[in-house]
Structures are given as C-alpha cells and as structure tokens.
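Below: the structure, in structure tokens.
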Amino acid sequence: MKKIAIIGGYQTAFGELWEKSLGDLIEEAGIGAISDSGIEKNDVNCLYLGNMAAGRFVGQEHVAAFAADCLSLKVPAIRCEAACASGALAFSQACIKILSGKAETALVIGAEKMTDVIGSEAVTTLMGAGDSEWESSIGLTFAGLYALMARAHMHRYKTTREQLAMVAVNNHKNGQKNEKAQFRFPITVDDVIKSAVIADPLRLLDCSPITDGAASVIVASEDYVQKKKIENPVWVLGSSHGSDSIGLHDRADITEMASVKKAAKDVFDESGLKHKDIDVVELHDCFTINEIIGLESMGFCEKGKGGTFVEESELPTNTTGGLKSCGHPVGATGVRQIIDIYRQLKGVSINQVKGAEHGLALNVGGSGATAIIHILGVE
C-alpha cells in the first residue's frame, strides 16, 4: 500500500494570547507549515481543520471555510470535531483523503481560541464533549469525571497521590526548554499535592490549562514525495481510531479506556511494530491520571502498574511538556503532538531522543469516548 509522508510542520506559541484572534493563529500556523515544507501554497490540494468549539468560544461557525479564507486557499476545506481529539481526527482524515487518490497534499491545522470567554463559560463549553443529559446537566465537569477515574484507580491498584503528581512534575521538567509552551517553570511533587483541590483527588497542578494556540502539518503522498524529490520525510506507519460510550457511567471499568485499547491494538497491527520498537511517546495528559491510564491501556505496562511505570520507566514521554506544560488548545493538541513526534524523528527536537526512529502519539476526546493513535517512522 502507498504511504503518507509528513513534510513540514509549525506550531504557534501556546498560552493566553489575548492579542491574537483565531484567524491570526490559523494564518500563522498554516503559513508556517507551508514554509517549513518547502512547497508552494498552490500545491496544497485540500485543508483539514481540527477544531472543537469555535462557535462557542469566538462565535465563528463554518470554520473550515474561514480557515481557508484566512490563508487565501481556494481548496476543499473540511472541519473535523472529536472534542480534544479533533486535531488527530483532522490528521487521520487528511491521510485517508490522500490514500484515496483524490489529493496529493493536504494542509492539516488544529486550532482553538479559548480565552475570549470567562473560565466558567469555557468549562461549560468543554463539557459539551460529555453526556449532556447525565453528566453536564447535573453539574459534572471533566475534572470531576477524571477525579472519579483517579479515585477508582487509587482504590483498586493502590496508585498513590505522589505517582499522580510525578506525571505533572515530569512534564513540567520537559517543558522548561520549550519556548512555545504555556508554562515553562519546574514544579515538585509537594507543589502538586499542596495546590488547590479542583475535584478530589485532583489538584490544580494535576490539570491541563485553558489555552489559545494552533499547530499545522503538511502531509503528502508517496508519489508526490518522489516527484518533488523531498528528502528524509517522516512516514505515517499506522493510524487508528477507537470509540467508547460517551458517558463514564456506561462503562464497565473506569480504570481503563476501551477506546485506547482498541486503537492501540489496531495501530500496532497496522504498523507491524511492537511496543519495544517505540522510541518516544506523546500522551494525552489532560489530567495526570490520564497519562497513567493511557500507558496501561496502550499496553506499555501492566494494568494497575502505570503509576510505578511513570516513576521508574526510561521511555521518553511528552518530551516537550505534554498538555500540562505546553497547554491544551483542544483543537490544536492532536496536531501539536504529531509535530513533536515529527521533530523527534527528524532529530531537531528539544530534549532530543538519541537515534529515535519510531514515535507514537495518543490523542483522547472527552473522558475517553474517542481515542486516536498514530505511529510515525523514518523508514
């Protein structure tokens, strides 16, 4: 089967970017990716936009056409929405388009402008990714849902409060050199545990922030890469999508994510790789418990051992800071993860993993209703 290549990428700064509009972020990311790829703008055949809630955050619907207009692109433009996994969904759909033969290249953008509304409105908007009848309508938030998962994991597997904190500590450590990250300061286990309670057992420093930002990549067909003599592309070796019930109450076991387990099995089967072949991983640490559950559900460690794995493993994870340090503009995160793996495999990342040849990115939507995983490689 023909392969898909990533030939360029760009990320804006992530943070509270009050001076920039959604259009500004889309324009910067799109132009940056095109420039990084070395192709002409006229060579872009289509645009895929990952965006969760521009209509709620900034009042902009028809947002894919809006994105194309920001870049003066007269190409088919498609919006992809899967809550916090919108960026990875846009990337996977662009790959499918190219594999279909209907396009040689695609511009994939993930973007979200979240800070133009007050915090309570942002939380309400984000809860649209949960079950509106049985979760948000009775006051549940995603912090509350993930707190239930954390407490269940702690009860069943004796995961400790300190192990949860280590996720945040590690990711803040990795983010210190990342000039695009929202938070670039170190924290300690004690800092996390003593920070404000958001939804017990989760503290403020267990939670990823509300963020503005955009990220973009150019993907191309194998034929296009050969025709244009593009050197050293990064290849998409596997792409998978898993689903589960949208409501936490409908799941048999809230200490794992069935969507992640399904996506992990499929992506490893497609790529032909084993866990030991993966050199670097991007995990969806929207809350610290999700990094632990993600590692277990993907099979990188035994179920119930994720906390110990975080403390002891040498597997490079979230090398630029993850959602916790980079920030989490929900539509952009999945594309940002792809860029970070792409840069690791190109050998140009901060906190570079020596000799990295294969990387994996896990993007999760909601409390695990959607999971999208990509494996990238240099061969």
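Under the numbering used here, the first residue of the sequence shown is numbered 4, with each subsequent residue one higher.
For each residue, glycine too, the CB sits at the ideal point set by N, CA and C.
Bear in mind that the values here come from a model prediction, so they are computed numbers and not experimental data.
Please state whether DSSP places residue 346 in a helix, a strand or coil. helix
Between 286, 23, 183, 34, which has its C-alpha nearest residue 171's C-alpha? 286
What number of angstroms, rounded off, separates the C-alpha of residue 334 from the C-alpha of residue 55? 5 Å
CB-CB length for residue 177 against residue 322, believed under 8 Å: 5 Å
Could you check how far apart the C-beta atoms of residue 168 and residue 290 are, in whole angstroms? I think they sit under 8 Å. In fact, because the Cβ distance is near 12 Å, the residues do not count as touching under 8 Å.
Can you look up residue 58 in the DSSP assignment and give me helix, strand or coil? helix
Please go through the same chain and pick out, in chain order, the residues whose beta-carbon is closer than 6 Å to the beta-carbon of residue 96, but skip the five residues on each side of it. 51, 83
Around the C-beta of residue 191, are 16 or more other C-beta atoms found within 10 angstroms, so that it is buried, or is it exposed? exposed
Length of the line joining the Cα atoms of residue 121 and residue 105: 42 Å
Whether or not the segment 133-144 and the segment 242-253 are in contact is what I'm after, with contact meaning three or more pairs of Cβ atoms, one per stretch, closer than 8 Å; do they touch? yes
Proximity to residue 70 [Cα-Cα], best of 265, 110, 367: 110
Using the C-alpha atoms, what's the distance from residue 227 back to residue 43? 13 Å
So what does DSSP say about residue 187, is it helix, strand or coil? coil
In its own chain, which residues sit with a C-beta less than 8 Å from the C-beta of residue 295, not counting the 5 before and 5 after it? 156, 162, 166, 167, 170, 309, 310, 312, 313
Contacting residues, own chain, Cβ-Cβ under 7 Å from residue 189 (five flanking each side not counted): 175, 176, 179
Buried/exposed call for residue 209, threshold 16 Cβ in 10 Å: buried
Does DSSP put residue 365 in a helix, in a strand, or in coil? strand
When the distance is taken between beta carbons, is residue 292 closer than 7 Å to residue 86? no
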